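The structure appears right after this line, and notes come after that.
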Amino acid sequence: MGEENGLKDQIACNTRISSIIDDDLSYAGYNISELMDNNASFEEVIYLLWNLHLPTQIELKHFVDELRANYAISDAVEQCILIQSRRHLHPMSVLRSTVSLLGVYNINAEDNSVEATYEQSIQLMAKMPTIIATFARLRMGLTPVEPREDLGFAANFLYMLNGEEPTPLQVTALNKALVLHADHELNASTFAARVTASTLTDIYSCVTTAIGTLKGPLHGGANEKVFDMLREIREHGNTEVYLKEKLDSQEKIMGFGHRVYKTQDPREKYLREMAQQLTQGTEDEVWFNLSCEIEAYMKNTKGLIPNVDFYSATVYHVLGIDSSIFTLIFAMSRVSGWIAHIQEQQKNNKLIRPRSHYIGQLNLEYIPIGKR
Ligand code: COA
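Residue 5 is where the sequence shown starts when you use the working numbering, and the numbers rise one by one after that.
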């Protein structure tokens, strides 16, 4: 039954938001190569996922203005992040509880009318980068940097994180990474968000569910582990011996394999290109070269393909992002897809409540506790 194969290849809902067909990914009908090759902005892609059409110039300006006007977080939320900025706390747990807190502080959180849901969606989307950058800086003992409303989503995030304006190449790289992670059909966290939405609960509860699901190492948690592995291999000194030892002891190599893609992960080539471009001629080139070695070994020995998490690790590292918050960057992008799916679920809702196949005992006799 489903439990053993993880519902592999089961169709659980209809959607117009994204599709994976023949190992290729599209958002609302636009192949990701179309969006990448034409340098679509992340803001355009969020709009596309939420509205199922690309915005006109006026629509985009209005949308971008709304996002920018909501970048800031309240002092109460910042205080809460400060309390959670101790190093032993898991960054994804901090993000999960902070997003939950946004729902507590939004007095309209229980209103699920179309207008209120839209306002909550904008708030969530706009505040994620501020929460993440604030957390990352506080955790390193640095003062948070206020968001800048004159900067776009990717540029503003890098500015808040690193305390200086990013270069155009850095902005382009993060923008592309955000576009590539924005949505991915019925991945585990999106499915979890839709199940939660199907009970007609509030949007903050749905996104909190999704963040908790993305945290796991078989899902979003893999990209953080990829960079840890690159560091370990560099220290170890022999890529092949390191990988062989791991594989011989049945360990999974993070950033490889995929439940749906078998021949290629269509997002990976763009991240590989970016990793190469960003590291070329710099001291970080070592990470790119090491990644290529690992990719070749995994293909030759196991026939496994790199997934979206593999080269994104190097891209994020070069952008000045600490590996401990890689999965938060994933969440910062994927929240756009979660929200699109939550709204789609709400518009045509049916409670998601499957059945299980009971394989335990039946008709047992109750024995009083003193006689057991
Ligand atoms: N390293 C080593 N072996 C792997 C592997 C990896 N990353 N991914 C899959 N395999 C092997 C499994 O050991 C299994 O081999 P077997 O048939 O000899 O037992 C086979 O490939 C099928 O893997 P399985 O885990 O059953 O596939 P799945 O569809 O359940 O899992 C993932 C898909 C993504 C969970 C899995 O590939 C994985 O754990 N990858 C690493 C984590 C990761 O990068 N996650 C991010 C996904 S975007």
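Quick reminder that beta carbons are idealized off the backbone N, C-alpha and C, glycines included.
Owing to the predicted nature of the structure, the values given are computational and were not obtained by experimental measurement.
Check: Pairs of beta-carbons, one from the region 330-343 and one from the region 302-322, closer than 8 Å: are there three or more?; Outcome: yes
Check: Beta carbon of A226: closer than 7 Å to some heavy atom of the ligand COA?; Outcome: yes
Check: Distance check for A186 and K53, CA to CA, integer angstroms please.; Outcome: Note that residue 53 is Leu in the sequence shown here, rather than Lys. Going by the C-alpha atoms only, they are around 9 Å apart.
Check: Which runs of the beta strand (DSSP E) spanning at least 3 residues fall entirely within the region 24-69, listed in chain order?; Outcome: 28-31
Check: Give a single yes or no on whether D313 has its beta carbon closer than 7 Å to a heavy atom of the ligand COA.; Outcome: yes
Check: Quick one, are the C-beta atoms of S193 and L218 less than 8 Å apart?; Outcome: yes
Check: Mind checking whether the beta-carbon of R143 lies closer than 7 Å to any heavy atom of the ligand COA?; Outcome: no
Check: Could you tell me which residues DSSP pairs with F260 in its beta bridges?; Outcome: P310
Check: May I ask you to report which of helix, strand or coil DSSP gives L368?; Outcome: coil
Check: Around the Cβ of D252, are there at least 16 other Cβ atoms within 10 angstroms (buried) or fewer (exposed)?; Outcome: exposed
Check: Where are the alpha helix (DSSP H) runs, 4 residues long or more, that stay fully inside the region 279-308, in chain order?; Outcome: 289-306
Check: Counting only the same chain and skipping the five closest in sequence on each side, list residues whose C-beta sits under 6 Å from that of Y75.; Outcome: A130, T134 and P151
Check: For the region 114-130 against the region 164-179, are there 3 or more C-beta pairs whose distance is under 8 Å?; Outcome: no
Check: Can you list, in chain order, the residues of its chain whose CB lies under 7 Å from that of A159, leaving out five sequence neighbours each side?; Outcome: P170 and V175
Check: With a threshold of 7 Å (Cβ to nearest heavy atom), would G261 be considered close to the ligand COA?; Outcome: yes
Check: Could you check the C-alpha separation between D206 and G261 for me, to the nearest Å?; Outcome: 34 Å
Check: Does the distance between the C-beta of K266 and the nearest non-hydrogen atom of the ligand COA fall short of 7 Å?; Outcome: no
Check: Is the beta carbon of I21 sitting closer than 8 Å to the one on G341?; Outcome: yes
Check: Is it true that the region 65-74 meets the region 35-44, where meeting means three or more beta-carbon pairs spaced less than 8 Å apart?; Outcome: no
Check: CB D313 to CB N227, shorter than 8 Å?; Outcome: yes
Check: Following a CB-centred definition, is L39 positioned closer than 7 Å to any heavy atom of the ligand COA?; Outcome: no
Check: Applying the 10 Å Cβ sphere with the 16-neighbour rule, what's the burial state of H361?; Outcome: exposed
Check: Would you call the CB atoms of I36 and P270 closer than 8 Å?; Outcome: yes
Check: Three Cβ pairs or more, each shorter than 8 Å: is that satisfied between the region 200-216 and the region 341-354?; Outcome: yes
Check: What do you reckon, is the C-beta of A300 under 7 Å from a heavy atom of the ligand ATP?; Outcome: No copy of the ligand ATP appears in this structure; the ligands present are the ligand COA.
Check: Determine the contact status of V339 and V211, defining contact as a CB-CB distance below 8 Å.; Outcome: yes
Check: Looking only at its chain, what residues have a beta carbon closer than 8 Å to the beta carbon of T138, apart from the 5 residues adjacent to it on each side?; Outcome: I77, E82, I85, P148 and M164
Check: Mind checking who L178 pairs with in its DSSP beta bridge?; Outcome: The partner list for L178 (beta bridge, DSSP) is empty, contrary to what the question assumes.
Check: Contact defined as beta carbons within less than 8 Å: I believe I215 pairs with V103. What is the distance between those atoms, to the nearest angstrom?; Outcome: 6 Å
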